[in-house]
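Undergrad:
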Amino acid sequence: MNKNVADILVEALPYIRRFSGMTIVIKYGGHAMVDEQLKTDFARDITLLKFIGLNPVVVHGGGPQINRVLEKMGITSTFVRGMRLTDAPTMDVVEMVLGGKVNKSIVSQINQQGGKAVGLTGKDGRLIRAKKLHIVFQEDETKPPEIIDPGLVGEVVEVNAEIIHTLSRQGFIPIIAPVGAGDGGESYNINADLVAGRIAQALGAGRFILLTDVDGVLDAAGALISSIDAPTIESMIHEGSISGGMIPKIECALDALRNGVGKTHIINGRKRHAILLELFTDSGIGTQVTI
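First residue of the sequence shown: 1, per full-length UniProt numbering; consecutive thereafter.
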C-alpha cells in the first residue's frame, strides 16, 4: 500500500511542477454536487490544488436544487426543447438558490478544508455582463422557423476577468454562480457550462474541466475515448455516437480551445478525486478534447 502511494506521488510530481501558477477552471455539477462524500472530496481536491500552486476557479450549476425549491413554492417549471423557461418568479428562485444556498454551501465546504473560497454571482462587480438569449429553431427548411422566448435566460456578453485574477492573486478561490447581469441591472439565468467556458476563455486558463455523470466521451461500443479531436467529434455526432447532453458539453469544450484555453477535459465527477486523477496521472480518467 505504501509503495502504491509513493508511486502515485512520484507520478504526480512532474505535473505539479508543470501546472504551478496555472489557472484551472472547473465546471462543477451533476451527482458530484449531491453525494456527501463526493462533495467533501471535491472541497479537499480544490483546496489541495490551491495549496500546491495552481489557481482553481469553480463555476457551479444547481438544477436539481432549483427544482426542489420551485416545487416547494408551488412554481411549475416549463421546459421547451430541454430549456427551462425563466419568468420573473422563477428567476427570483434561481438567483436565490444558485447565489445563496448552493454557492455558500460550496464556499463553506472548501473553507472547512483550509481553503479560502469566496462566493460570487455574475452580478458582483459586473463579473458577467449578459443579454437576453434569443432562440430560433428551424428543423425543416420548408416550414417557418420556430421562435422561442425563454424569458430571463441569458447569454454571456463579457467577463470581467480582473476580479477573478485579483482574488486568485490574493490566495482566494473564486466560486461562481451562473447568474449574469443585464445592462439594466436585470438578472439572467445562464447555462453553467457556457459560463464556465467563457470564464476559462477570459482568464486564458491552462485547463478547463467539465465534471459530468459519465466517464467522458464514449465510442459506439461504450468504451471511453481518452483523447478526441474536432474532426472525430464531428464524425461521431453525424453518426449518432455522440448525442444528447454530451453534444453541448463537447461544443463548449471546443469553443474554449478555439479561444485560447490550453486544454479541456470531460470527466466523471462521480469518481472520487476525479480532478486529481485526470490532472496528475499519466493515463488520466476521462476524455481530453483537442482541436
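Each residue gets a CB set at the ideal place from its N, CA and C atoms; glycine is no exception.
Find the nearest neighbour of I106 within the set I199, F208, D41 and Y188, judged by alpha-carbon distance.
TA: That would be D41, whose Cα lies nearest to the Cα of I106.
Undergrad: Pick from A177, Q37 and F280: whose alpha carbon is nearest that of V10?
TA: Selected option, being the one with the closest Cα: F280.
Undergrad: Compare the Cα-Cα distances from G119 to each of Q112, L13, F172 and N67 and report the closest residue.
TA: The option with the nearest alpha carbon to G119 is F172.
Undergrad: For D7 and L13, I'd like the C-alpha separation in whole angstroms.
TA: Those two C-alpha atoms are separated by around 10 Å.
Undergrad: Which one of M236, I225, R18 and V97 has the shortest CA to CA distance from S283?
TA: Closest option to S283, Cα to Cα, is I225.
Undergrad: In whole angstroms, give me the CA-to-CA distance for I148 and P56.
TA: Computed Cα separation, rounded: 36 Å.
Undergrad: Is it true that the CB of I190 sits closer than 8 Å to the CB of G154?
TA: Yes, these two residues count as a Cβ contact at 8 Å.
Undergrad: Would you call L109 buried or exposed, if buried means 16 or more other Cβ atoms sit within 10 Å of its Cβ?
TA: Before going on, a small fix: residue 109 reads as Gln here, not Leu. Under this definition Q109 is a buried residue.
Undergrad: Per DSSP, what kind of secondary structure is K143 in: helix, strand or coil?
TA: It is coil, neither helix nor strand.
Undergrad: Here's a check: name, in chain order, each residue in its chain whose Cβ is nearer than 7 Å to the Cβ of I237, leaving out the five neighbours to either side.
TA: Once the five neighbours on either side are set aside, the close Cβ partners of I237 are I247.
Undergrad: Cutting at 7 Å between CB atoms, please list the residues of its own chain near P145, excluding the five before and the five after it.
TA: Answer for P145: V136, F137 and Q138, listed in chain order.
Undergrad: According to the Cβ coordinates, are A130 and V159 closer than 8 Å?
TA: Not a contact, by the Cβ cut-off of 8 Å.
Undergrad: In whole angstroms, what is the alpha-carbon distance linking C252 and D35?
TA: Each residue's Cα considered, the two are about 25 Å apart.
Undergrad: Looking at I128: is its Cβ nearer than 8 Å to the Cβ of V195?
TA: Taking 8 Å as the Cβ cut-off, I128 and V195 qualify as a contacting pair.
Undergrad: Per DSSP, G151 is paired with what?
TA: Looking at the DSSP assignment, G151 forms a beta bridge with T86.
Undergrad: Helix, strand or coil, according to DSSP, for A202 in the structure here?
TA: In this structure, A202 counts as helix in the three-state DSSP scheme.
Undergrad: Would you kindly report the start and end of the unbroken alpha helix (DSSP H) that includes N67?
TA: Its alpha helix (DSSP H) spans residues G63 to K72.
Undergrad: D215 and G286: beta carbons closer than 8 Å?
TA: Closer than 8 Å, so yes.
Undergrad: Between Y28, Q65 and A205, which has its C-alpha nearest S168's C-alpha?
TA: With distances taken between Cα atoms, S168 lies closest to A205.
Undergrad: Compare the C-alpha of M96 against each of G62, G114, G74 and A117 and name the closest.
TA: The shortest Cα separation from M96 among G62, G114, G74 and A117 belongs to G62.
Undergrad: Could you give the residue range of the alpha helix (DSSP H) that holds V217?
TA: V217 -> no alpha helix (DSSP H), and no H or E assigned at all.
Undergrad: What residue does the alpha helix (DSSP H) around L38 start on, and which one ends it?
TA: Start and end: E36 to F51.
Undergrad: Answer with yes or no whether the minimum CB distance from N55 to chain B is below 8 Å.
TA: Any reference to chain B falls outside this structure, which holds one protein chain only.
Undergrad: Look up L211 in the DSSP assignment and say whether it is helix, strand or coil.
TA: In the structure shown, L211 sits in a strand (DSSP, three-state: E or B).
Undergrad: Would L38 and R207 be called neighbours here (beta carbons separated by less than 8 Å)?
TA: Not in contact: L38 and R207 (Cβ atoms no closer than 8 Å).
Undergrad: For D92, which of D255, L276, M73 and Y28 has the nearest alpha-carbon?
TA: Selected option, being the one with the closest Cα: M73.
Undergrad: Would DSSP call L120 helix, strand or coil?
TA: Strand, per DSSP.
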